[in-house]
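Heads up, the thing below is written out as C-alpha cells.
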Amino acid sequence: MEANDVWYDNAVAYQVDVATFYDSNDDGIGDFPGLTSRLDYLRQLGINCLWLMPFHPSSEQDDGYDVIDHYGIDPRFGSFGDFAEFLDEAKVRGIRVLMDLVVNHTSDQHPWFQAARQSKDSPFRDYYIWEREPKDHQRDKLVFPDRYDSVWKYDEATGEYYFHRFHDFEPDLNHGHPAVRDEVRRILGFWLALGVSGFRVDAAPFLIWPKGPAQHFDDPHEYLRKLRRHAVRYGSGAVLLGEANVAPDKLGEFFGNGDELNQLFNFLGAERIFLALARQDVGPICQLSDLLPDLPPGTQWLNFLRHHDEFSLEWLNEEERQEIFQAFAPDPSMQIYGRGLRRRLAGMLDGNQARIRLALSLLFSRSGSPMLFYGDEIGMGEDLSLPDRYPVRTCMQWSDEANAGFSKAPRKCLTRPVLEKGPFAFDKVNVTAQWLDPNSQLHWVRRLIEVRRACPELGLGQHEVLECDGGSGVLAETFYFDSGRVVCVHNLEDRPCTVRIQDQALAGQHCFDLLRRKPHDASADGELVVDLEAYGYCWLRVGSIFAPTEVGATIASAIAEAPRSQKSR
C-alpha cells in the first residue's frame, strides 16, 4: 500500500463554494481564476484538501445541486482551461481537490429527464422512477417535509408521477437501472482523469435505498463497493467521502469491510460536541465511543462543526435538541426543519473568542481528519434574512473594502449578499485585518492547523479518555501511535480549573505544550497537573518535541504491516 493511498487520514479539509469565494472578472460571481488566485492564502493557512461545492451547469434553484450536465462547468465559473489551471496550481501547493458527486437526482431541465418526458418508450424513461397513480405519499422519505406533502410530482407531459426525495424540480435517478450505474461510473472516471482526488458523495444512502417500486438491489452495498473499485482503478489515492447521516447502528454499513466509502462525515460527533458545549459537560463526547462503529482498515472520519447545510440534530432526542436550540439558536428564525440550525459557528457562540477557539480545538483534536467551512477561520457570521439554508452561504469577507473585497461589481450584481451589519459585518471581520493582527483568530487557526498536521497520532493512532479530577466539564484524552503520544485537555466550563491527570504512561515524562510552546512535566508517579482558563485547552506532546518527525517516518510501513481497528471519537 502506497502512503498516498491513505492521504486523507491526516488531511485538513476546507469546504469552499466557487461562486462565493472570490470574483476575478467583476461580474459579481466567484470563479475558478478567483479561487486559483487565493490558493496561496489556503496554503499558508495549512489546508491540504479542498472540497468544492457543485460547479456544474444547473437551473440555479438549489445552489448548484440541481445539476443539468454532470460533465460540464457552469460558464459563470470559467472554462475547462480555468479548471485545469486551478487543479495544476493546487497540486503544486500540495492541495488535493474533492468535488461534489451529485447523482441521487438531476434537475428537471437535465437532458436525461427531458428525454424521459418526451415518450414512455424513451431509453431514458427508466433513468427515473415513475408511477401512474401512487398509493402512498411516503412523507417520511421527504428531505424537506415542511415544503412538500409527497415524494411524487405529477408530470403533465406523460400523465404520470415521478419520484423526488428532495425538491420537486429534482427528480431522483433510478440507480437500480444498469444504464444509470454505468453513467455514474463514467462521471467518476471523467473527473478523475482530469485530476481530482475524489468525491464527496452527496446523499449517499439514497443511492442504494429503495425508491418507490422501481429501485431495488439484491445487495445494495455491492453498488458502493463497485464505485469504490472504480475510483481506485482510475484515480491515484482517490477517496469517496460519504454524506451518510444515518442511524448510529447503520453507519458501519457504509464503510463495509473497508471496501465501500473511504470516509464518512461524523454527524454524530458534531451534534455531541455542541451538546457538550451547551451543558458544559463532557459526557456527550465520551458517549461517542459507544455510538460510533469500529473503523475497518483504510477508512476514516471527517470531523466538522459546520458546513453549508443546516447543522443537523437528527440523532439527538427532543429534550437534547431543545437544549441546543436554547443555547445556540433561541430565536425560531435561527432554526430550520425542526431538527437543525441555520447559523455559523461564530454566530452560535455569540462571537465569544474563547469559546470559538475551544470548539475548534475540540474539532481538531478528534480522531480522524478535520474540516473547516470557508470563513470559519476568521469567524464569519450568518445572514438570517436569507431563506432556507442560505444564511451561512454569504460571500467570503476578504477586506473592509466594498463588497468585502469579494468583487468590484455593483452590489446588486453579487451572487449572494455580503454581511454589512452587526458584529460579524465585513468591516469588523475580514481576512486582511486579521492577517495583520498576530493575535487574531486567523493566526490562531493557522497555528492550530500547523500543530494538528504535526500530530499524526490524531489521524492514525489509538485513543483513550483519561481519568482526571477536573470535574464533569473537563475532557482529558491521549492519542498514541508507534512511539508518539499526545495528550489533549479541554475545559468546557466558564470558569478556570486545575486538572490532575494520573496515567502511568506519563510517569517521569517531559511534556511540551504545543500551542503555547512551554514545558509541562509529569511527576515520577505519572501525575500531570494542568491549569486551564475558562474555556481553556492544551495539547501536550509526551517526550521529545521532535517525536512527530520520528513518527512520520514510520507511518507508511506501520499502516502496511498492521492495519488499524480503532474507535474514533
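As numbered in the numbering used here, residues 97 to 665 make up the sequence shown, in order.
All C-beta atoms in this analysis are idealised placements derived from N, C-alpha and C, irrespective of residue type, glycine included.
> Three-state secondary structure (DSSP) at P552?
Replying inline: Note: P552 maps to helix in three-state DSSP.
> According to the neighbour-count rule (16 or more other Cβ atoms, all chains shown, within 10 Å of its Cβ), is N353 buried or exposed?
Replying inline: With fewer than 16 other Cβ atoms within 10 Å, it is exposed.
> Which class does R263 belong to by DSSP, given the choice of helix, strand or coil?
Replying inline: The sequence given here places His at residue 263; Arg does not occur at that position. Coil at H263, not helix or strand.
>> Taking 8 Å as the cut-off, does the region 268-276 touch the region 207-225 (at least 3 CB pairs, one atom from each stretch)?
In response: Inter-segment contact for the region 207-225 and the region 268-276 is present: three or more beta-carbon pairs are separated by less than 8 Å.
>> Let me make sure I understand the geometry here. Which of R235, R172, E256 has the alpha-carbon closest to that of F262?
In response: The option with the nearest alpha carbon to F262 is R235.
>> For D565, tell me which candidate among M467, R596, Q214, Q431 has the shortest Cα-Cα distance.
In response: Ranked by Cα distance from D565, the options M467, R596, Q214, Q431 are led by R596.
>> Buried or exposed, going by whether 16 or more other CB atoms sit within 10 Å of the CB of R329?
In response: So R329 counts as exposed.
>> Taking the alpha carbon of G475 as the reference point, which residue from W494, G160, R321 has its own alpha carbon closest?
In response: Of the listed residues, the one whose Cα sits closest to G475 is W494.
> Would you report the Cα separation of A115 and T511, rounded to the nearest angstrom?
Replying inline: C-alpha separation (whole angstroms): 7 Å.
> By the 10 Å Cβ neighbour count, where 16 or more other Cβ atoms means buried, how is H233 classified, buried or exposed?
Replying inline: Counting Cβ neighbours within 10 Å, H233 comes out exposed, since fewer than 16 surround it.
>> Please give me, in chain order, every unbroken run of the beta strand (DSSP E) with length at least 3 that falls completely inside the region 224-251.
In response: Those beta strand (DSSP E) runs which fall completely within the region 224-251 and span 3+ residues are 248-251.
> Helix, strand or coil: which one does DSSP assign to T574?
Replying inline: Here T574 carries a strand assignment [DSSP, helix/strand/coil].
> Alpha carbon to alpha carbon, how far is H404 from G604?
Replying inline: If you take the alpha carbons of H404 and G604, they lie about 46 Å apart.
>> Going by the DSSP bridge assignment, what does T594 pair with across the sheet?
In response: DSSP lists D627 as the bridge partner or partners of T594.
>> Threshold first: 3 residues or longer. Then list the beta strand (DSSP E) segments lying entirely within the region 374-429, N to C.
In response: The region 374-429 contains these whole beta strand (DSSP E) runs: 396-399.
>> Considering only the alpha carbon of each residue, which of V112, I143, E589, P513 lies closest to Q376?
In response: For the options V112, I143, E589, P513, the alpha carbon positioned closest to that of Q376 is the one of E589.
> What residues in its chain sit with their C-beta under 8 Å from that of V570, if we drop five residues either side in the sequence?
Replying inline: Correct list, in chain order: V378, C564, V585, H586, N587, L588, E589, C593, V595, L628.
> Out of Q311, P241, A299, which has the shortest C-alpha to C-alpha gap to A275?
Replying inline: Closest option to A275, judged by alpha-carbon separation, among Q311, P241, A299: Q311.
> Per DSSP, C145 is paired with what?
Replying inline: A109, R192, per the DSSP bridge assignment.
> For N362, which three-state DSSP category applies?
Replying inline: Coil.
>> Let me make sure I understand the geometry here. Which of T254, V547, M467 has the alpha-carbon closest to that of A109?
In response: Residue M467 is the option with its Cα nearest to A109.
>> Does D136 come out as helix, strand or coil in the three-state DSSP assignment?
In response: D136 carries a helical assignment under DSSP once its states are collapsed to helix, strand and coil.
> How would you call V647, buried or exposed, if buried means at least 16 neighbouring beta carbons within 10 angstroms?
Replying inline: Per-residue confidence for V647 stands at a pLDDT of 42, beneath the threshold of 50, marking its modelled position as unreliable; the derived number appears in the next sentence. Buried is the call here.
>> Bridge partners for F350 per DSSP, in chain order?
In response: Answer by DSSP bridge pairing: none, since F350 is not bridged.
> What are the residues that DSSP puts in a beta bridge with M467?
Replying inline: Beta-bridge partners assigned by DSSP to M467: A109.
> So, using beta-carbon positions, are L441 and R402 closer together than 8 Å?
Replying inline: With respect to the 8 Å criterion, L441 and R402 are classified as neighbours on the basis of their beta carbons.
> In three-state terms, what does DSSP make of R637?
Replying inline: Three-state result, R637: strand.
>> Does F608 come out as helix, strand or coil in the three-state DSSP assignment?
In response: Strand.
>> On a Cα-Cα basis, can you pick out the residue from I304, W540, M492, F460 that is closest to E573?
In response: Relative to E573, the option among I304, W540, M492, F460 whose CA is nearest is F460.
> Can you round the beta-carbon distance between Q558 and D105 to whole angstroms, since I take them to be within the 8 Å contact cut?
Replying inline: Rounded, the Cβ-Cβ distance is 14 Å, inconsistent with contact.
> To the nearest angstrom, how far is it from the Cα of D484 to the Cα of H606?
Replying inline: The alpha-carbon atoms of D484 and H606 are separated by roughly 51 Å.
> Nearest-angstrom Cα distance between G633 and L454?
Replying inline: The amino acid at residue 633 is misidentified as Gly; the sequence shows Tyr. Y633 and L454 have their C-alpha atoms spaced approximately 7 Å apart.
> Just the Cα atoms here: how many angstroms apart are D242 and D617?
Replying inline: For D242 and D617, the distance between alpha carbons rounds to 56 Å.
> Hey, how far is the Cα of R192 from the Cα of A630?
Replying inline: Using only the alpha carbons, I get a separation of about 37 Å.
> Using CA coordinates, which residue listed in V112, S408, L320 is at the minimum distance from M195?
Replying inline: Of the listed residues, the one whose Cα sits closest to M195 is V112.
> Can the beta-carbon of R439 be found closer than 8 Å to that of E415?
Replying inline: Cβ atoms of R439 and E415: not closer than 8 Å.
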